[in-house]
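Working notes for the structure below.
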Amino acid sequence: GSVFHSALIIVTIVYAAIGTAGGLRFGDHVDEAANLNWSTFRDPNNSSMQWLYIVVSYFVVVSPALDVTSGFPILAVTMSNNIAQVMLGDSANGTEDLVQVRRISRLLASVPPIIGALFISDLGIVTSYAGVACIAIMFVF
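For the sequence shown, our numbering gives the first residue as -4, with consecutive numbering after it.
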C-alpha cells in the first residue's frame, strides 16, 4: 500500500525533475536518448580536469547500453520459457522433446533482436518496433 505509493511518487518526482532539467539545459537539441547529450560534456576553462569530464561523459553515455545488455539474457530466457510452454503445453514427451523445444524457443527469443540491432541503429525506430512487438507478443503468448 503506502510503500508502493510513496515509491511511485518519489520516482515520478525524480523523473520529472530529470526531464525538466534536461529540457531546460538542452532546449530543442535533446537527443532521443537523453544520455547522448552528455557526449560533449567538457569544461573549456578547466584543462587540468578534462580527464574527469571525459570519464563522466563516457559513463553517462555507455551506462544505458550496459544496462540493456546485462538484462537481455534474463529477458531472452524468460521469453523462451514462455514460448516453450506454448509450444509444448502439457504434452511434453520425454526430455528429448523438451531439449529441442528449449533450443528452438531460445533461438526464437534471442536471434530476432540481435539481427534487428545489426540493421537498425536509430533509437526512435527501435523503440517503435519494440513497442508494437511487445504488444503483439503479449496477446499471442
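A virtual CB, placed ideally from N, CA and C, is assigned to each residue, including glycine.
Check whether residue i and residue j have beta carbons under 8 Å apart
i, j, result
"PRO59", "ALA28", "yes"
"SER100", "ALA79", "yes"
"VAL25", "GLY18", "yes"
"MET82", "VAL96", "yes"
Segment limits, alpha helix (DSSP H) that includes residue i
i, result
"MET74", "45 to 83"
"HIS0", "-3 to 21"
Between the CA atoms of residue j and residue i - distance to the nearest angstrom
i, j, result
"THR7", "ILE13", "10 Å"
"VAL55", "LEU31", "8 Å"
"LEU70", "THR35", "32 Å"
"ALA16", "GLN45", "23 Å"
"ASP23", "ALA125", "25 Å"
"ALA131", "GLY84", "20 Å"
"SER42", "TRP33", "18 Å"
"PRO39", "TYR48", "10 Å"
"VAL94", "ASN76", "12 Å"
"ILE110", "ARG20", "36 Å"
"MET133", "SER123", "16 Å"
"GLY66", "ARG37", "30 Å"
"VAL135", "PRO108", "18 Å"
"ASP92", "ARG98", "10 Å"
"HIS0", "ALA112", "37 Å"
"ALA128", "VAL50", "36 Å"
"SER116", "GLY(-4)", "41 Å"
**Prompt:** Counting Cβ pairs closer than 8 Å, one from the segment 102 to 122 and one from the segment 43 to 63, do we hit at least three?
**Reply:** no
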